[in-house]
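Novice: Quick one: this structure, given as structure tokens, is what I'll be asking you about.
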Amino acid sequence: MVHLAKVKKDNEVTPSTHEAVSISPPDINDFDTNVYGSHFAADHMPQNEMPEREMPRQVAARMIKDELSLDGNPKLNLASFVTTYMEDEIEQIMTESFSKNFIDYEEYPHSAEIQNRCVNMIARLFNVPTDPSGENAMGTSTIGSSEAIMLGTLAMKKRWQNRRKAEGKDYSRPNIVMSSAVQVCWEKAARYFDIEEKYVFCSNTRFVIDPKQAVDLVDENTIGICAILGTTYTGEYEDVKAINDLLVARNIDCPIHVDAASGGFVAPFIHPEIEWDFRLEKVVSINVSGHKYGLVYPGVGWVVWRSPEYLPQELVFNINYLGADQASFTLNFSKGASHVIGQYYQLIRLGKRGYRAIMTNLTRVSDYMTSEFEKLGMIILSQREGYGLPLVAFRLPPNNERVYDEFAVAHQLRERGWIVPAYTMAPNCEKMQMMRIVIREDFSMNRCDSLLQDFKLAIQTLDSMDKSMIAKYRTHMQIHRNHPRHESRTHPHYKGERHSLQGKTGKTHGVC
1090 MVHLAKVKKD NEVTPSTHEA VSISPPDIND FDTNVYGSHF AADHMPQNEM PEREMPRQVA
1150 ARMIKDELSL DGNPKLNLAS FVTTYMEDEI EQIMTESFSK NFIDYEEYPH SAEIQNRCVN
1210 MIARLFNVPT DPSGENAMGT STIGSSEAIM LGTLAMKKRW QNRRKAEGKD YSRPNIVMSS
1270 AVQVCWEKAA RYFDIEEKYV FCSNTRFVID PKQAVDLVDE NTIGICAILG TTYTGEYEDV
1330 KAINDLLVAR NIDCPIHVDA ASGGFVAPFI HPEIEWDFRL EKVVSINVSG HKYGLVYPGV
1390 GWVVWRSPEY LPQELVFNIN YLGADQASFT LNFSKGASHV IGQYYQLIRL GKRGYRAIMT
1450 NLTRVSDYMT SEFEKLGMII LSQREGYGLP LVAFRLPPNN ERVYDEFAVA HQLRERGWIV
1510 PAYTMAPNCE KMQMMRIVIR EDFSMNRCDS LLQDFKLAIQ TLDSMDKSMI AKYRTHMQIH
1570 RNHPRHESRT HPHYKGERHS LQGKTGKTHG VC
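Note that this note's numbering has the sequence shown beginning at 1090, numbered continuously upward.
If you want it as structure tokens, here you go:
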């Protein structure tokens, strides 16, 4: 998900250094001196227009590296599920594969074969039917779960339309049923493909979809139900089996797409007995992010369909590209092969036992942190013992005398280097504020102890402030949020939209 960049007008462009500085630049060859002796070190970096002349490669590299050093530390970014550690051996192979355009199957047949192997391994992990008497299931790699969800939604819509056309019925008003706690890509899929959203709203005590309410919303125009294996707010697994069983009991022909972006590489190793995948007859497609608990750097995702029945033929394009015939169902065409190769490495390097060991450790760290936060009086919103994602979702205990909130705690932790987000919950409980800490592969117990220590110090700091100091601190936080570098991410024309759940209700979208 990339922000919409604003193209600056002439009066918004920063003037060049030469107009503001009277001292002449040094009379020296920029290729002979070191980086900071060159005139580039005293000039603004090009921001709006491509420069006319070249820049020495070592200068360009150092200037970019210096700027990126001001970013947050990815390993301390506990807002994101995205992988921040891979072994050196596969990093080198991925680097060597940067120049491979994955779509060139004829030129890079072994890279294409590696994708096929990954699809097979992931599909079997999700218990896809492999009976010789049935048709072959199928799947594909994507840029991430957002593209995978778009493809899954398109397939459900087209299948529904085809059935309605065959019955001679109206097919102009498709809808999809989902929880109000969905990630924003589901809103995008519905909006981009003209599908009405029918939400099962969360409550102050339930932060996932209610199976009965979901099935009650199904009508003749419903293309499918979205069930989430690990919500972005509390990490809970929605009860896919209960939805499936209700559909079967009522004899309703409505497919389920499981958004297993985060949980697809966790649940099979921690609680394989949980039925959420193709073991359930109504589950027709599943997406998963390779770059989350699949343990690959961003971005790679996967989507698998139960059988060709659920991926209509008219969505698949047979293309002869550079001499090779290929069946293509993507929103994107060209992409690098590196991340698919990275996924294959993790699957064969770790195997099921390796993934199980990592997910078990993450669950142990998550449970330990949960118990420590409980000792501090925090109200825990996430699950334990692996019955949800390895994360800790919590809120501050009720206290009418406390003058700060979760957002102030998050800001305090940010000043200590940690990125721990504060959120408002989904619609109907959006007044509830919460915090969430994602436990990733490289978040060891030692790092956990460091965070707990800093969290206690943050609380102590805020407890020591009176109302006037907190008011000043809130002003400081607001100034930080309104910094020009944050403002530049939003085009003024699109501010204050009212069509999304966030625009309508103030819901904060959880970071993925």
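Where is the CB? At the ideal position from N, CA and C, for every residue including glycine.
#1: Measure the beta-carbon distance from Thr1229 to Phe1367 and round it to whole angstroms, keeping in mind my assumption that it falls under 8 Å.
#2: Measure the alpha-carbon distance for Gln1402 versus Ile1345 and round it to whole angstroms.
#3: Going by DSSP, what residue range makes up the alpha helix (DSSP H) through Gln1542?
#4: Helix, strand or coil: how does DSSP classify Ser1557 here?
#5: Taking the alpha carbon of Met1144 as the reference point, which residue from Asp1160, Gly1440, Asn1123 and Leu1159 has its own alpha carbon closest?
#6: Is it true that the CB of Met1521 sits closer than 8 Å to the CB of Asn1293?
#7: Mind listing, in chain order, the continuous beta strand (DSSP E) runs of no fewer than 3 residues lying wholly within the region 1319–1361?
#8: Exposed or buried, which one is Thr1459 when buried takes at least 16 other CB atoms within 10 Å?
#9: What residues are listed by DSSP as bridge partners for Pro1416?
#10: Output the distance between the C-alpha atoms of Val1527 and Lys1556, rounded to the nearest integer angstrom.
#11: What are the boundary residues of the alpha helix (DSSP H) that Met1458 is part of?
#12: Given a cut-off of 8 Å, decide if Met1267 and Glu1236 are closer than it, judged by their beta-carbon atoms.
#13: Here's the rule I'm using: 16 or more other beta-carbon atoms within 10 Å means buried, otherwise exposed. How should Glu1327 be labelled?
#14: Please name the residue or residues paired with Gly1223 in a DSSP beta bridge.
#15: On a Cα-Cα basis, can you pick out the residue from Glu1101, His1199, Asp1132 and Asn1535 that is closest to Ala1426?
#16: What's the call for Pro1135, buried or exposed, on a 16-neighbour Cβ count within 10 Å?
#17: Need the endpoints of the alpha helix (DSSP H) that Val1148 sits in, please.
#18: How far does the alpha helix (DSSP H) with Glu1178 in it reach, from first residue to last?
#19: Touching or not, the region 1352–1363 and the region 1482–1492, by the rule of three or more beta carbon pairs under 8 Å?
#20: Do Cys1207 and Leu1439 have their beta-carbon atoms positioned less than 8 Å apart in this structure?
#21: Is the CB-CB distance between His1380 and Val1389 below 8 Å?
#22: Could you tell me whether the region 1288–1304 touches the region 1314–1323, where touching means 3 or more Cβ pairs closer than 8 Å?
#23: Is there contact between the region 1267–1276 and the region 1450–1470, where contact requires at least three CB pairs shorter than 8 Å?
#24: Would a C-beta distance cut-off of 8 Å place Gln1501 and Thr1550 closer than the cut-off?
#25: Pull the bridge partners of Ile1211 from the DSSP assignment, please.
#26: How about Ile1317 and Asp1348: do their beta carbons lie closer than 8 Å?
#27: Hey, Ser1031 and Ser1351 are a contact pair by Cβ (cut 8 Å); roughly how many whole angstroms apart?
#28: Go ahead and pull the three-state DSSP assignment for Arg1368.
#29: Buried or exposed for Gly1223, going by 16 or more other Cβ atoms inside 10 Å?
#30: Keeping to the same chain, check which residues put their C-beta closer than 8 Å to that of Phe1422; ignore five residues upstream and five downstream.
#31: Please name the residue or residues paired with Tyr1260 in a DSSP beta bridge.
#32: Just checking, does the region 1538–1545 make contact with the region 1469–1483 on the three C-beta pairs under 8 Å criterion?
#33: Assign Gly1126 to one of three DSSP states: helix, strand, or coil.
#34: Can you list, in chain order, the residues of its chain whose CB lies under 6 Å from that of Ile1568, leaving out five sequence neighbours each side?
#35: For Asn1209, I'd like the list of residues in its chain whose CB is within less than 8 Å of its CB, leaving aside the five on either flank, ordered along the chain.
#36: Residue range of the beta strand (DSSP E) that Met1245 falls in?
Specialist: Let's see:
#1: The count along the sequence shown starts at 1 and reaches residue 1229 at position 140. The count along the sequence shown starts at 1 and reaches residue 1367 at position 278. The pair is not a contact, with the Cβ atoms about 16 Å apart (cut-off 8 Å).
#2: For the purposes of this step, residue 1402 is taken as the residue at position 313 of the sequence shown. For the purposes of this step, residue 1345 is taken as the residue at position 256 of the sequence shown. Taking the straight line joining both Cα atoms gives about 19 Å.
#3: Taking the sequence shown and counting its residues from 1, one reaches residue 1542 at position 453. From DSSP, the alpha helix (DSSP H) with Gln1542 extends over Met1534 to Asp1552.
#4: Position 468 of the sequence shown, counting from 1, holds the residue named residue 1557. Helix.
#5: Sequence index remark: in the sequence shown, residue 1144 carries index 55 (1-based). Of the listed residues, the one whose Cα sits closest to Met1144 is Asn1123.
#6: Within the sequence shown, the letter at position 204 stands for residue 1293. Within the sequence shown, the letter at position 432 stands for residue 1521. Judged by their CB atoms, Asn1293 and Met1521 are nearer to each other than the 8 Å cut-off.
#7: 1345–1348, all fully within the region 1319–1361.
#8: Position 370 of the sequence shown holds residue 1459. It counts as buried.
#9: In the sequence shown, residue 1416 corresponds to position 327, counting from 1. Sequence inspection shows Ala at residue 1416; the Pro mentioned does not correspond to that position. Asn1407, per the DSSP bridge assignment.
#10: Taking the first residue of the sequence shown as position 1, residue 1527 is located at position 438. Taking the first residue of the sequence shown as position 1, residue 1556 is located at position 467. In this model, Val1527 and Lys1556 are separated by some 31 Å (Cα to Cα).
#11: In the sequence shown, the residue the question calls residue 1458 occupies position 369. Per DSSP, the continuous alpha helix (DSSP H) segment holding Met1458 begins and ends at Ser1427 to Lys1464.
#12: The count along the sequence shown starts at 1 and reaches residue 1236 at position 147. The count along the sequence shown starts at 1 and reaches residue 1267 at position 178. Their beta carbons are not under 8 Å apart, which means Glu1236 does not touch Met1267 by this criterion.
#13: Sequence index remark: in the sequence shown, residue 1327 carries index 238 (1-based). It counts as buried.
#14: The sequence position of residue 1223 within the sequence shown is 134, counting from 1. The partner list for Gly1223 (beta bridge, DSSP) is empty, contrary to what the question assumes.
#15: The residue given as residue 1426 occupies position 337 in the sequence shown. His1199 is the residue among Glu1101, His1199, Asp1132 and Asn1535 whose C-alpha sits nearest the C-alpha of Ala1426.
#16: Numbered from 1 along the sequence shown, position 46 holds the residue referred to as residue 1135. Around the CB of Pro1135, fewer than 16 other CB atoms lie within 10 Å, so the residue is classed as exposed.
#17: If you number the sequence shown from 1, residue 1148 lands on position 59. Unbroken alpha helix (DSSP H) run through Val1148: Arg1146 to Leu1157.
#18: If you number the sequence shown from 1, residue 1178 lands on position 89. If you look at Glu1178, you'll find it in the alpha helix (DSSP H) that goes Asp1177 to Glu1185.
#19: Between the region 1352–1363 and the region 1482–1492, the count of C-beta pairs closer than 8 Å stays below three; the two stretches do not touch.
#20: Counting from 1 along the sequence shown, the entry for residue 1439 is found at position 350. Counting from 1 along the sequence shown, the entry for residue 1207 is found at position 118. Cβ atoms of Leu1439 and Cys1207: not closer than 8 Å.
#21: To locate residue 1380, count along the sequence shown from 1; it is residue 291. To locate residue 1389, count along the sequence shown from 1; it is residue 300. Here His1380 is near Val1389, since their CB atoms are less than 8 Å apart.
#22: Contact between the region 1288–1304 and the region 1314–1323 is present, because at least three Cβ pairs lie under 8 Å.
#23: No, the region 1267–1276 does not touch the region 1450–1470.
#24: Walking along the sequence shown from the start, residue 1501 turns up at place 412. Walking along the sequence shown from the start, residue 1550 turns up at place 461. Yes, the pair counts as a contact, with Cβ atoms nearer than the cut-off.
#25: Walking along the sequence shown from the start, residue 1211 turns up at place 122. Partner residues in a beta bridge of Ile1211, as assigned by DSSP, do not exist.
#26: Indexing the sequence shown from 1 puts residue 1317 at position 228. Indexing the sequence shown from 1 puts residue 1348 at position 259. Going by beta carbons, Ile1317 and Asp1348 fall inside the 8 Å limit.
#27: Not covered by the structure: residue 1031. The range shown for the chain is 1090 to 1601.
#28: Within the sequence shown, residue 1368 is the residue found at index 279, counting from 1. Arg1368: coil per DSSP, three-state reduction.
#29: Locating residue 1223 in the sequence shown gives position 134, counting from the first residue. Answer is exposed; the Cβ neighbour count stays below 16.
#30: Counting from one through the sequence shown, the residue named residue 1422 turns up at place 333. In the same chain as Phe1422, and ignoring 5 residues on each side of it, the C-beta atoms closer than 8 Å to its own belong to Ile1192, in chain order.
#31: Here the question's residue 1260 lines up with position 171 in the sequence shown. The partner list for Tyr1260 (beta bridge, DSSP) is empty, contrary to what the question assumes.
#32: They do not touch, by the three-pair rule.
#33: The count along the sequence shown starts at 1 and reaches residue 1126 at position 37. Assignment of Gly1126 by DSSP, reduced to helix, strand and coil, places it in the helix class.
#34: Taking the sequence shown and counting its residues from 1, the one referred to as residue 1568 is at position 479. Around Ile1568: no qualifying Cβ.
#35: By one-based count along the sequence shown, residue 1209 stands at place 120. Closer than 8 Å at Cβ, skipping near neighbours: no residue.
#36: For the purposes of this step, residue 1245 is taken as the residue at position 156 of the sequence shown. It is not in any beta strand (DSSP E) - Met1245 instead sits in the alpha helix (DSSP H) that spans Ser1234 to Ala1255.
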